[in-house]
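Number of protein chains: 4
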Amino acid sequence: MLEELKQKVYEANMALPKYNLVTFTWGNVSAIDREKGLFVIKPSGVDYDKLLPSDMVVMDLNGNKIEGGYNPSSDTPTHMELYKAYPEIGGIVHTHSPWATSWAQAGRGIPCYGTTHADYFYGEIPCARSLTPEEINSAYEKNTGLVIIETVSAKNVMSVPGILCNNHGPFTWGTDAANAVHNAVVLEEIAKMSYRTETLNPAIKPAPQVLQDKHYLRKHGTGAYYGQK
Amino acid sequence: MLEELKQKVYEANMALPKYNLVTFTWGNVSAIDREKGLFVIKPSGVDYDKLLPSDMVVMDLNGNKIEGGYNPSSDTPTHMELYKAYPEIGGIVHTHSPWATSWAQAGRGIPCYGTTHADYFYGEIPCARSLTPEEINSAYEKNTGLVIIETVSAKNVMSVPGILCNNHGPFTWGTDAANAVHNAVVLEEIAKMSYRTETLNPAIKPAPQVLQDKHYLRKHGTGAYYGQK
Amino acid sequence: MLEELKQKVYEANMALPKYNLVTFTWGNVSAIDREKGLFVIKPSGVDYDKLLPSDMVVMDLNGNKIEGGYNPSSDTPTHMELYKAYPEIGGIVHTHSPWATSWAQAGRGIPCYGTTHADYFYGEIPCARSLTPEEINSAYEKNTGLVIIETVSAKNVMSVPGILCNNHGPFTWGTDAANAVHNAVVLEEIAKMSYRTETLNPAIKPAPQVLQDKHYLRKHGTGAYYGQK
Amino acid sequence: MLEELKQKVYEANMALPKYNLVTFTWGNVSAIDREKGLFVIKPSGVDYDKLLPSDMVVMDLNGNKIEGGYNPSSDTPTHMELYKAYPEIGGIVHTHSPWATSWAQAGRGIPCYGTTHADYFYGEIPCARSLTPEEINSAYEKNTGLVIIETVSAKNVMSVPGILCNNHGPFTWGTDAANAVHNAVVLEEIAKMSYRTETLNPAIKPAPQVLQDKHYLRKHGTGAYYGQK
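Residue numbers (the UniProt record's numbering), protein chains in the order written: chain A, 1 to 229; chain B, 1 to 229; chain C, 1 to 229; chain D, 1 to 229.
Listed below in structure tokens is the structure:
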């Protein structure tokens, strides 16, 4: 079942090592079929060079495994909460990509210092609060999703398609699996350049709002004129 | 038309990912045929691995598309202003290369700390001022070109063949497309080494002027003796 | 003799340049056959591109060469002390991998700043004390092993499968040669991210103990639920 | 003439891009035939991917070109002074390798922070003083050599086989061309790790002298026991 979606999720997972976003098995991608209410996710702890499209696990939104010979990623409950909260999300990526993870470990959101950021993320990429001991010790992965939702809440979830989990690492999302991976690559690049920006100018402030607006809206929404649209 | 120039511009664009100067489609190269008064530029938002020489867009210096199935790069008006202002420029590159972009985001020009810099850029590589809200909200890409020209103005444009746009990224130029790419690679390398120089010695001053003169003039002008000239 | 183990140790040594953990010959891997009481180790100073499985040297735990045409690694006495002290250890890696070595040269242990660390190392990765002049000038490599043991002593050796030797570099270990290499890769990645974490937030504290417990125990021990176990 | 030496010098030059020590043509290697009193050096400004063994230029120690269709490297007088001053030197490398050049631009020698350094360089890798305006404006490349010699003077030239030229970049040397390249790779790796060591511990002091002695003498001199000697 869902062979086409499995293939796409497989390819999106394989893109993670290609883009240097993961070491060993430290990442996972999923995507959802909204009509069927089922999502497809990477199995837990399987090496990328042994992974096959048919290894992808099919889950429903109640956390039941519908198909698959392997256990799903241990982060599956996080993905599930995001799919339930945001109908706009079609694909989700989690990695420990080193630059974004360094910001997450520092407990800091990434300010918007320039147009590369503003082209994809409208404003700061937030860092979620730490989970409480109670949240960690019961349904940790589900609570990780709930804290992401708590942080995103007041915003349009697609205008800032990613977040940092404190002391952990990034999650990104998108319209589908490939788009979520695209945003994971962008986040890593932004995290790298923002680190260096701060070293070069410790007093730096975020880019002017008018410039952020210009770049974000040049690529998104009804007035967009970037690309071949 | 301009098949040979399209081929060269295509190759120069393809050199950007080869030299690790771009992620996804974050860059563009153009070159001009001064006799015909036409320039050739990369289309907007097309993946590098799908790009063909025949996809290059031909523009005139009034901003009219003369030939091409795609929209030209959204940065086309910036290129056009530079071609109009400086008859010496034969090719232009824009990237979001990470080291140069970090300086641009920090709002800082790159001081000349050594001979690598002085071999190619005669003095500091300037960072242009921020655009005003009015400049951003009307003809943004054209105004980006005008602010570059305002910054370069008093200098020989070819003696410092590149600039940083505040909160944005670098533009470089040269005698043709390949030479502009060459300067983009040099700028990125200089940006990296200058960052590290400042970390190692926060009190560092620019290299002595006499050394800058020696190295720049060893490679440029009538007294040059570097290479096979 | 021990052809299978030689092959595994060979492959583990060849993985070091593949994972960018060594320059030239700056690393060595060994593994032990506990039943026979013999361990197999890379020869000293032989280029990786000339290395053959049959070049691996067989040693006993008294430091006698049992088989092999080459001298064993000069670090052999360090490996031997660790095998003698810890029956749990099946394989050992020494490298001068650049990020971990930078911490070792700084004389600092690596605090646990996040889940990537906690997934593999339970608490800080310690930096051993400097050897005394006497320890350096007599049986230096053996004393390096003894100082590692002194530092590890109070802990479960497998819960923190690596250490930094002051002004020198890392040693890691594992259940076998491949697992010890795996831990060397993880250590290097953690060393890189922890460096950047401190730059981004100089006041950063280690991750909460409850989060460290959660992640370590999610992957290790009787309650583990990561992967396909 | 000197076909074998040309081949070795060619291969050593081609190793520079392989080891990521040069961008474009920013480096050169030479080697000397002491019996004939002639040295072979890379031509100036020729791309690495067009270079042939037969392009290598043969020079005598008075600066006369003995054979070769190209101009020799513009740094030839620096190489020549070093060959004249130090009969032990068989090969010389100059690069603008980014980490070593960052220290050179910062005007700082590289302290010995650990065993990786001590295995190859006995003590600090010095940074030569700036040239005076007079030295720069007359026989600049020759004077670069003389200032290197002034800095090295009191030491055994082979025990610290490299130096940083202020605001410029590194020179390394060795018993032959390949050995000089080897030392250039080591220098770059040391420069990288020493930078990070200082960031991690701004108060760090050089490694204890007794440890430096141990490691240097473990690999060099009559008591050496590293490798297969």
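Glycine included, every Cβ here is placed at the ideal spot set by N, Cα and C.
Item                                                                                                                 : Value
CA-to-CA distance, Y195(A) to L200(C), given in whole angstroms                                                      : 7 Å
G91(A) beta carbon near the ligand FMN (any heavy atom closer than 7 Å)                                              : The ligand FMN is absent from the structure shown, which contains no ligands of any kind.
Sequence ranges, alpha helix (DSSP H) only - wholly within the region 69 to 111 of chain A, length at least 4        : 76 to 85, 98 to 105
CB of V9(B) within 8 Å of CB of A177(B), strictly                                                                    : yes
Closest by C-alpha distance to V93(A), when choosing among T25(A), L211(A), P206(A)                                  : T25(A)
Within-8 Å CB hit, E124(A) to chain B                                                                                : no
M59(B) - DSSP class collapsed to helix/strand/coil                                                                   : strand
Rounded straight-line distance, which links the Cα of Y122(D) to that of D213(D)                                     : 8 Å
Pair within 8 Å by beta-carbon distance, A184(A) and G90(A)                                                          : no
Chain-ordered residues of the region 84 to 108 of chain D with a beta carbon less than 9 Å from chain B              : H96, P98, W99, T101, S102, W103, A104, Q105, A106, G107, R108
Three CB pairs or more closer than 8 Å across the region 202 to 217 of chain A and the region 122 to 138 of chain B  : yes
Contacts of P17(C) in chain A (Cβ-Cβ under 7 Å)                                                                      : Residues of chain A passing the Cβ test: none, with the nearest at roughly 16 Å.
Ordered list of alpha helix (DSSP H) runs contained in the region 114 to 184 of chain A, each at least 4 residues    : 115 to 118, 133 to 137, 140 to 152
Supposed contact pair Y226(B) and S138(D) - C-beta distance, whole angstroms, cut 8 Å                                : 17 Å between Cβ atoms; not a contact.
Run of the beta strand (DSSP E) containing K205(C), from where it starts to where it stops                           : Taken as a continuous stretch (DSSP letters only), K205(C) belongs to no beta strand (DSSP E), as it is neither H nor E.
Burial state of H228(C), where buried means 16 or more other Cβ atoms lie within 10 Å                                : Looking at the sequence shown, residue 228(C) is not His but Gln. Exposed, since its Cβ has fewer than 16 Cβ neighbours within 10 Å.
Reduced DSSP secondary structure (H/G/I, E/B, other) of N13(D)                                                       : helix
Neighbourhood of H96(C) by C-beta, 6 Å cutoff - its chain only, sequence neighbours within 5 removed                 : W26, G169
Which of helix, strand or coil DSSP assigns to A31(B)                                                                : strand
Nearest-angstrom Cα separation, counted from E124(A) out to E135(B)                                                  : 24 Å
The region 145 to 171 of chain B: positions lying closer than 9 Å to chain A by Cβ                                   : C165, N166, N167, H168, G169
Check whether E188(A) and L21(A) have beta carbons under 8 Å apart                                                   : yes
Span of the beta strand (DSSP E), counted from its first residue to its last, around F39(A)                          : 38 to 41
Residues bridged to E67(A) (per DSSP)                                                                                : V58(A)
Whether T101(C) touches M193(D) by CB criterion (8 Å)                                                                : yes
Where Y195(C) sits in the DSSP three-state scheme                                                                    : helix
A163(D) and P126(D) closer than 8 Å at C-beta                                                                        : Reading off the sequence, residue 163(D) comes out as Ile, not Ala. Cβ distance < 8 Å, so I163(D) and P126(D) count as in contact.
Cβ-Cβ distance between S44(D) and P77(D) below 8 Å                                                                   : no
Q228(C) in three-state terms, based on DSSP                                                                          : coil
Inter-residue spacing [alpha-carbon to alpha-carbon] between N64(B) and V147(B)                                      : 22 Å
C-beta contact flag for H215(B) and T115(B) at 8 Å                                                                   : yes
Contact check, A191(B) vs V29(B), beta carbons under 8 Å                                                             : no
Neighbour-count burial assignment, E81(D), 16 or more Cβ in a 10 Å radius                                            : buried
Spatially closest choice to N156(B) from V57(B), G109(B), G221(B), K50(B), by CA coordinates                         : G221(B)
Distance between V160(A) and T144(B) (C-alpha atoms, nearest Å)                                                      : 26 Å
Near-chain A residues of the region 35 to 52 of chain B (beta-carbon distance less than 9 Å), N- to C-terminal order : P43, S44, G45, V46
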